[in-house]
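Asks: Residue numbers (my numbering): 2 to 182.
Virtual Cβ for every residue (Gly too), placed ideally from N, Cα, C.
1) Expressed to the nearest angstrom, what Euclidean distance is found between the alpha-carbon atoms of residue 58 and residue 137?
2) Using the three-state DSSP reduction, which class does residue 50 fall into: helix, strand or coil?
3) With a Cβ-Cβ cutoff of 7 Å, do residue 63 and residue 31 count as a contact?
4) Buried or exposed for residue 6, going by 16 or more other Cβ atoms inside 10 Å?
5) What residue does the beta strand (DSSP E) around residue 67 start on, and which one ends it?
6) What's the gap between the Cα of residue 151 and the Cα of residue 139?
7) Identify whether residue 58 lies in helix, strand or coil by the three-state DSSP scheme.
8) Just the Cα atoms here: how many angstroms apart are residue 145 and residue 169?
9) Secondary structure at residue 161, three-state DSSP: helix, strand or coil?
10) Tell me, to the nearest whole angstrom, how far the beta carbon of residue 73 is from that of residue 107; I am working on the premise that it is less than 8 Å.
11) Taking a contact to mean a Cβ-Cβ separation below 7 Å, would you say residue 36 touches residue 78 in this structure?
12) Residue 104 and residue 92 look like a contact to me (Cβ under 8 Å); what is the Cβ gap, rounded to whole Å?
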């Protein structure tokens, strides 16, 4: 979105698009399905506390959906135990409400942990670039060492016969001075 002033009708349309987006739909269906979870304790203490499903819905959120795996984040690791106990119920509810998403399983994490379902493209590219850069640096070192070793072998004048050395010296003097011989 740009920084221009927008009229109220455009703003309302923008908000409606956000509210009706697929992410919002998944979030709303998640809350609806999880809120339906009831335990025997919920019926005994109905006046004293909120049902487990409603507490779960309030302490969890959908983070990601990839390859049929729905990643859910909780406020506390203890909620993950409840989610695992009712995983089958939740999966069936999600499949009935939004079958087109083809959700096959659930994955859970505690808030503050940045686990992903799989590494992002940027992360994998960064790692590959680092590997490539290290490999190129290693090859540069090897090439420098190779040329250093060969330069030492070929630069020595001790391998040349004395008459050829004398000729080279003569040529060198003639190039460096203006002697016309």
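Replies: Working from what's here:
1) 52 Å
2) coil
3) yes
4) exposed
5) 61-67
6) 18 Å
7) helix
8) 28 Å
9) coil
10) 6 Å
11) no
12) 7 Å
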